[in-house]
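Chemist: The structure's right below; bear with me while I get my questions together.
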Ligand SMILES: Nc1nc2c(c(=O)[nH]1)N[C@H]1C(S)=C(S)[C@@H](COP(=O)(O)O)O[C@H]1N2
Ligand SMILES: [Mo]
């Protein structure tokens with residue numbers, strides 16, 4: 007199903023609103039924190055061994071461009087949540103990145119069976135500009151929710167803005183419901199400026 011008011015482009019437009027960080031994969035960890043019984047962390051190798059999901063989906067930037075048929079491989083967020091023992095109190099998930107970027111999604115969206123921490127795209131590891139080592143992919147939400155260079159998944163009771171939510175973008179961002187902004191009448195100027203390639 008094609009989402010409303012998006013147009014397909016051949017290639018990704020790479021964004022790095024806070025710059026491309028330097029990644030040292032031997033010290034990198036993915037932490038699972040917040041309202042969990044067992045705060046946890048995973049190395050890149052551990053996550054690679056845990057890959058349990060592969061699918062092909064469209065990728066949709068809220069500014070209107072989409073890429074058709076991207077193949078993703080990753081670990082279900084639901085599984086990481088279960089391993090950490092997420093509390094029933096948790097209502098929101100905050101994704102935090104090495105560069106200081108963050109995004110927030112409702113817990114139901116994060117625990118959807120297609121919601122993964124993606125390590126691989128189109129049959130290979132993510133490249134640095136693509137968010138290596140890991141980024142959340144929730145195919146039915148706009149792509150700003152997919153925080154590149156992810157380091158932490160925080161389960162929370164209360165809502166908090168991430169980078170773009172603070173700048174007026176929607177709390178959930180469902181592509182098919184066109185949840186672009188918290189309020190109408192915003193422009194995409196900030197997000198469209200300065201793609202890295
Ligand atoms: N860390 C970080 N993650 C980010 C962004 C960013 O600027 N920094 N941009 C977001 C936006 S607006 C989109 S559309 C997608 C773009 O993914 P791409 O750069 O792989 O094309 O990444 C999202 N994740
Ligand atoms: Mo975007």
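Residue numbers (the working numbering): 7 to 203.
Glycine included, C-beta positions come from ideal geometry on N, C-alpha and C.
#1: Label residue 186 either buried or exposed according to how many other C-beta atoms from any shown protein chain fall within 10 Å of its C-beta, with 16 as the threshold for buried.
#2: Going by beta-carbon coordinates alone, are residue 107 and residue 24 separated by less than 8 Å?
#3: Kindly indicate the opening and closing residues of the alpha helix (DSSP H) around residue 2.
#4: Which residue marks the beginning of the beta strand (DSSP E) containing residue 124, and which one marks its end?
#5: Going by other Cβ atoms of all chains shown within 10 Å of its Cβ, with 16 needed for buried, is residue 103 buried or exposed?
#6: Which residues does DSSP pair with residue 180 in a beta bridge?
#7: Checking the sheet assignment: what are the DSSP bridge partners for residue 20?
#8: Measuring straight from C-alpha to C-alpha, what distance separates residue 46 and residue 36?
#9: Applying the criterion that 16 or more other CB atoms from any shown protein chain within 10 Å of the CB defines a buried residue, is residue 88 buried or exposed?
#10: Under 7 Å: does the beta carbon of residue 105 sit that close to some heavy atom of ligand 1?
Modeler: Judging by the given coordinates:
#1: buried
#2: yes
#3: Only positions 7 to 203 of the chain appear in this structure, which leaves residue 2 out of reach.
#4: 122-127
#5: buried
#6: 147
#7: Its beta-bridge partners do not exist; DSSP assigns none.
#8: 8 Å
#9: exposed
#10: yes
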